[in-house]
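Protein chains in written order, with our numbering: chain W, 1 to 264; chain U, 265 to 528; chain Z, 529 to 792; chain F, 793 to 1048; chain D, 1049 to 1304; chain R, 1305 to 1560.
See below for the structure under consideration.
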Amino acid sequence: MSQDVVSQILKDYIYKTLTEKKRIDGRGLLEYRKIDIQTGFIEVAEGSARVKLGNTDVLAGVKMSIGEPFPDTPESGVMTTNAELIPMASPTFEAGPPDENSIELSRVVDRGLREGQVVDLSDLCIEPGEKVWVMFIDLHILDYDGNLFDASAMAAVAALASTKVPASQYELGDDYPLPIKNWPVMTTFAKIKDIIVLDPGLDEERVADARLSVYTDQDGHIRAMQKGLNGGFSYDEVKEIVRLSKEKGKEVRKILMDAVKGGE
Amino acid sequence: MSQDVVSQILKDYIYKTLTEKKRIDGRGLLEYRKIDIQTGFIEVAEGSARVKLGNTDVLAGVKMSIGEPFPDTPESGVMTTNAELIPMASPTFEAGPPDENSIELSRVVDRGLREGQVVDLSDLCIEPGEKVWVMFIDLHILDYDGNLFDASAMAAVAALASTKVPASQYELGDDYPLPIKNWPVMTTFAKIKDIIVLDPGLDEERVADARLSVYTDQDGHIRAMQKGLNGGFSYDEVKEIVRLSKEKGKEVRKILMDAVKGGE
Amino acid sequence: MSQDVVSQILKDYIYKTLTEKKRIDGRGLLEYRKIDIQTGFIEVAEGSARVKLGNTDVLAGVKMSIGEPFPDTPESGVMTTNAELIPMASPTFEAGPPDENSIELSRVVDRGLREGQVVDLSDLCIEPGEKVWVMFIDLHILDYDGNLFDASAMAAVAALASTKVPASQYELGDDYPLPIKNWPVMTTFAKIKDIIVLDPGLDEERVADARLSVYTDQDGHIRAMQKGLNGGFSYDEVKEIVRLSKEKGKEVRKILMDAVKGGE
Amino acid sequence: MGMKSDIKLIDENGLRIDGRKPDELRPIKIEAGVLKRADGSAYVEWGKNKILAAVYGPREAHPRHLQDSTKAIIQCRYNMAPFSVSDRKRPGPDRRSVEISKIISEAFESVIMTELFPRSSIDVFIEVLQANAGTRCAGITAAAVALADAGVPMKDLVVGVAAGKVDDTVVLDLGKEEDNYGQADVPMAIVPRTGDIVLLQMDGDMTEEELFKAMDMSMEAAKYIYELQKDALRRRYAVIAQEEKEEIESIEEGIE
Amino acid sequence: MGMKSDIKLIDENGLRIDGRKPDELRPIKIEAGVLKRADGSAYVEWGKNKILAAVYGPREAHPRHLQDSTKAIIQCRYNMAPFSVSDRKRPGPDRRSVEISKIISEAFESVIMTELFPRSSIDVFIEVLQANAGTRCAGITAAAVALADAGVPMKDLVVGVAAGKVDDTVVLDLGKEEDNYGQADVPMAIVPRTGDIVLLQMDGDMTEEELFKAMDMSMEAAKYIYELQKDALRRRYAVIAQEEKEEIESIEEGIE
Amino acid sequence: MGMKSDIKLIDENGLRIDGRKPDELRPIKIEAGVLKRADGSAYVEWGKNKILAAVYGPREAHPRHLQDSTKAIIQCRYNMAPFSVSDRKRPGPDRRSVEISKIISEAFESVIMTELFPRSSIDVFIEVLQANAGTRCAGITAAAVALADAGVPMKDLVVGVAAGKVDDTVVLDLGKEEDNYGQADVPMAIVPRTGDIVLLQMDGDMTEEELFKAMDMSMEAAKYIYELQKDALRRRYAVIAQEEKEEIESIEEGIE
């Protein structure tokens, strides 16, 4: 049987289950899988967090060093987000330079962190125009079982929220916790035929027509969005997802904040 | 029918027409296609020109900024020529780093600009050994219908001749036109069996045995040459082409100069 | 006949010969091929040596210039070893960036030079933290007939031992010979079934089960080792090879030192 | 979004820095069939943006492992010319271009009848010759016309358009200063007949109400841009028809 | 080896900087079956090293020109996460990783029954999440368990372990300071049942006697690590058996 | 061409900086059959230039999409060793090498009987071990001998040689200072029997008369270089014949 036929059968099966308001792993349509967040996993990094979203497993590490600011933002630190879809995580990931999927993932997560103002980059300025903190957020995808976007976004924020600025290493006083200004959360929805589900698992992602990720902040504002996959949404569907993202974002934000506090 | 047979039939057809002193598009053997030169097409560039040679379409842009000179030429500005054979222009062009064809094109055009001394690079020096103008000439090939060499050379010179040095942006006084010292022109001839034609079109280029490009300056001196394709020329053919290149170069130079003045 | 069958027949033939204490090219089991060392082949380099080990042909060149030290070793010069398996040398070598074979070769040779302390890198310091000699050792493999490791190691040491530090070019006094502190030698053994041979030729390398290279210094100390190929050694085999490497290293060292003196 | 600045982006009359009203587009010109070699092409001027789009295919997808035995694949390449922006851009794809190429490819998937061309590739090239905010939307708009010009079977055209927020005001089609110093941007790609949204991104800071207002503006503007697209194609078909007519006449003359 | 330093690596009692005796390993924890997607996996903590290994295959080798018609090829990729070391490491393979990947691939060749799987590839991924000296040996140890967890037929496991020389003393399993300021390091991979040495490297300065003493220590330590590997696999099989039992029971319940 | 300088390149006697007359070549030595592994090879010393050329093939062209079903393709790779020039050159092809490789490949196309070997590749490797002006011409000259040594069927050899202009004088075979401070350089590749010009480049500033005078000089010099090439091949065949004779004798001895 061709791959294509298999995928059509899988889609029919998943959809049929959804029409009964259930999902193939037993969840409700708008229910997240189990979220497990562990901070401080990598002692040699300034901050780190490992997030398991069901079996999806993402490790985020934050490294800080001192460098020069960009000429056009002399009073801002430098923050870079990078994601590696290492071949360990899935038979479909290949070694090599970042492909379009890992570039999209890192750019969307980065956009949420930046627009959602987790960190005020001016807090990372040491001497305007001369010396600033340069911060790398590296997302290492260990196991891919669907919805890398939300797991990665959680891991990035949790890693940042557990970061200690290594001031003493550069004789700039004692180390101190990186100031966190906001807790943006990404929530991702998939559309399978005419049904919308939250936090798609791997098989759901495979058969989904379209995907929409929405980053909301702690004030319920929208900070970033990204549509994915080959299909479209109606305007009403977009509206519904935006509304749900605020509510679901609140749930995740609580889990995130508790995990970071628990990790301290 | 194999590609090869088609190409042999095409060659026979083109050659037969040539023996009647005509070309498949109706031109004379030593006649250029219609030359259309438009300067200033890209307002955000310091200089630009779009050249259509028949349906061959090349856009040249000049960007200037300030940088350091090379250590061994402390009193010279830096000029770099780059050509991109973007896949938009032909089904045979592929995305990716420059291949041997685009490298040859940019190097031959560059050689003509440099040896033909369009610009005196010492005019681009601001502070010897410290600060000079760094100039990029980018050739963007939009539509490929044969003879990229001549079209690109024209576009490069026209773009340079329409360039305003952005002095005010660096607080170095008012912007001023880039001083042009010479107007070198490249003329390209193809040999199909024993017949020499000027400005080969795409089909002619495909079946040609050899190609010779000659850069002449306004004094009729030879400044650069490049033989291409898999065949050879007799010494007498080379001599004939060199003589023709001076005459044909003069015609093109006039069109170029008129176009640049018209664009002012 | 498949490549595999051919290779099995070759292996059987080579092994049968070995059981008679002979090799297919007539050598004894622990005998090197003819070693020919010519220094000073490349006048434009600061040092150079061409080594022929039978038909294996390696050209090493040393280039020196002035640069900055690494921040963590401010009083040490910088030494880099690079090997190019150019496609000229073998039908199995391909053009392109260094593959795992050339990377392994250059790293193993480098390890021997570094750990074997041919050069005391602090001798290459000009001004601590500011200016040091930066030295490139480039190994250009011209003809591959087996045992690149030993040929390359010899070529690197001979090239260094014939190097003149180009002090005058930087107005740092007269040129002077690079001080050589030690003469480490790599000896490589291959295991074919249960028989160990020294200096494997190309066909022996092709059928060998395992390979062990040992770098010894002039005091008979072990300075670097590298096991290669898909099989293993017993502990006793390793011990035997280590013992032999000291004895054989002494022989090669004498040839090396004589060649360098002869080249002066 | 959002370098901070003292620039006032909305004046006392509610007009924008280039004089536009909040729901006003920049001037848009569309021309179809502008290149010889490509199977289809279009040129779009949108404010100071200058964009060329070209289409090749359906043609055999290569390398072969990319082929899909059930449908054509769509490969879009969004590229900026080195001279298209203030500081020269190094040639070749950067991370931004890779992301934009991916989402534009996805935007066209549900519109093109890919199932008609198994094992094929439909290649869409978008070249930004001059960039001035909104290039991805202008590029989509151009690419849709180029696809139609190439005769690629589609359920409908696709329109790209953005809205956003500057000085706490929701506005349509951000210009360069608005993009640099504004508060939010929401690029969309819309299938006009069905209203389906096939590309949607957003960055900045918006309430739900602001977001929906911005999307409303874009949905409305899409109708107008759709007409411009169709008009360009109509002019193109007229030219082709005229050329064919002349060709037939010249053949007939030859016969007589 | 061997930045010079005044750090004393062996104290007056013959103990090492972290309190270990010369022939003492750092604490080692091994867990099998830790990832969902991979065919087999293992996690090793070895001192402060944190290493994941995953195995895919045997699966069709691609690109096809890599296929061997007589046996499976083994492709190992040793990789360090960017945050695994003090100064962030740029993603992607550096020359060190390429060499380590090559020799680890070779180390497993003679143990895996590759002849059973012509045209296949067995892919071994070793990810160093946190590095603290000895990552290649910890990686080999983890990879062997992951291969067994994947059900890849092997003649035996493989154990990675190193010994070396610090302050003129031969010691087992160098820690980070010992690695930085020591005199020699000898990483090995050992097939426990036969005692075969399938990976062997050395750098530094050792006499023959010191080298053999170091190798003796590693051969001895390999026996202990081998037990840890087997223990991890036993625990893993117990979990699988339990899961299967529960699954059968739930099916039986369904039938009743 | 042409850094400015006060160096006088032609003295009062009309002699050049290295004592040569205007139409005098640097000393040239050619040796055929210098490498074991390659199918054919040659070594050329030309002044201080030291060049190796090797040929592999005709062999199956790969990757396969490069194959031409009607003839062999010729792939030339001109490469400079890192230590071949004053400042170390980074390994790998730069833009100059790519261009030279292309035009040398084209130069050999019309001479090699490619139609005899469909789907094949004839690979020509030119390694510049030491560079001192004129490497592409010396490389072509070496490559032609290597092709003949490999037994590749050719209509004729090809000779590379350059002429140019220094201190307003037309001279043959520019040396390093002449190349750096001269006014023009005209490298050519000539098929001696027919006089066909299969490679021709020029840069600098020359009148038509000067250019033709330079070309005359090169055409003349090519005849001499052609003899050196043939002589090298003659010596090579003598060696091979001797080796074969000895081999036959040793076999005959074995029979007796």
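Glycine included, every Cβ here is placed at the ideal spot set by N, Cα and C.
State buried or exposed for residue i, treating a residue as buried only when at least 16 other CB atoms are found within 10 Å of its CB.
i: ARG771 (chain Z); result: exposed
i: HIS1369 (chain R); result: exposed
i: ILE301 (chain U); result: buried
i: GLN1034 (chain F); result: exposed
i: LEU70 (chain W); result: Leu is not the amino acid found at residue 70 (chain W); the sequence shown has Phe there. By the 10 Å Cβ count, PHE70 (chain W) comes out exposed.
i: GLU358 (chain U); result: exposed
i: SER1554 (chain R); result: exposed
i: MET994 (chain F); result: buried
i: GLN697 (chain Z); result: exposed
i: THR80 (chain W); result: exposed
Can you name the residues of chain D whose CB is closer than 7 Å to the CB of residue i?
i: ASP532 (chain Z); result: THR1118
i: VAL770 (chain Z); result: GLU1256, LEU1259
i: ALA95 (chain W); result: ARG1125
Starting from residue i and walking both ways along the beta strand (DSSP E), at which residues does that stretch end?
i: THR345 (chain U); result: 342-348
i: MET135 (chain W); result: 131-143
i: ARG378 (chain U); result: Where ARG378 (chain U) is concerned, there is no enclosing beta strand (DSSP E), although the alpha helix (DSSP H) it sits in stretches over 364-379.
i: ARG1482 (chain R); result: The sequence as given places Glu at residue 1482 (chain R); Arg does not occur at that position. That residue, GLU1482 (chain R), is in no beta strand (DSSP E); its alpha helix (DSSP H) goes 1480-1485.
Could you name the residues of chain F that residue i contacts, counting a contact when the two beta carbons are closer than 7 Å?
i: GLU348 (chain U); result: PRO883
i: VAL319 (chain U); result: In the sequence as presented, Val is not what sits at residue 319 (chain U); that position holds Asn. Result: LYS828.
Taking the alpha helix (DSSP H) that residue i falls in, what are its first and last residues?
i: SER65 (chain W); result: Counting along the chain, SER65 (chain W) falls outside any alpha helix (DSSP H), though it belongs to the beta strand (DSSP E) covering 56-67.
i: PHE900 (chain F); result: 887-901
i: PHE413 (chain U); result: 412-425
i: GLY28 (chain W); result: From DSSP, GLY28 (chain W) is part of no alpha helix (DSSP H); its letter is neither H nor E.
i: ILE932 (chain F); result: 927-941
i: ARG470 (chain U); result: 466-471
Express the C-alpha separation of residue j and residue i in angstroms, rounding to a whole number.
i: ALA834 (chain F); j: GLU823 (chain F); result: 6 Å
i: ALA864 (chain F); j: PHE909 (chain F); result: 5 Å
i: ILE1321 (chain R); j: GLU515 (chain U); result: 41 Å
i: ILE401 (chain U); j: ASN346 (chain U); result: 6 Å
i: GLY832 (chain F); j: THR187 (chain W); result: 39 Å
i: VAL660 (chain Z); j: VAL109 (chain W); result: 44 Å
i: ASN494 (chain U); j: LEU1461 (chain R); result: 16 Å
i: ASP540 (chain Z); j: ILE552 (chain Z); result: 12 Å
Interface residues of chain R around residue i at Cβ under 9 Å?
i: VAL572 (chain Z); result: LYS1352, PHE1387, SER1388, VAL1389, SER1390, GLN1434, ALA1435, ASN1436
Going along chain U, which residues have a C-beta under 7 Å from residue i?
i: THR1511 (chain R); result: HIS485
Strictly below 7 Å CB to CB, what residues from chain Z border residue i?
i: ARG1143 (chain D); result: ILE631, ARG635
Interface residues of chain W around residue i at Cβ under 7 Å?
i: ALA1190 (chain D); result: Simply none; closest approach about 12 Å.
Can you pull the chain R neighbours of residue i, defined as C-beta to C-beta under 8 Å?
i: PRO615 (chain Z); result: TYR1360, ARG1381, ASP1427, PHE1429
Practice item. Closer than 8 Å, Cβ to Cβ, to anything on chain Z: give me those residues from the region 1363-1392 of chain R, in chain order. Key: ARG1363, ARG1381, ASN1383, ALA1385, PRO1386, PHE1387, SER1388, VAL1389, SER1390, ASP1391, ARG1392
Point to revise | Residues of the region 1004-1015 of chain F with Cβ closer than 8 Å to any Cβ of chain W, in chain order | key: PHE1004, MET1007, MET1011
Point to revise | Members of the region 1155-1176 of chain D near chain W, C-beta cut-off 8 Å | key: ASP1171, PHE1173, GLU1175
Check your understanding: Going along the chain, which residues of the region 1327-1356 of chain R sit with their C-beta nearer than 9 Å to a C-beta in chain Z?
Key -> VAL1338, LEU1339, LYS1340, ARG1341, ALA1342, ASP1343, SER1345, LYS1352, LYS1354, LEU1356
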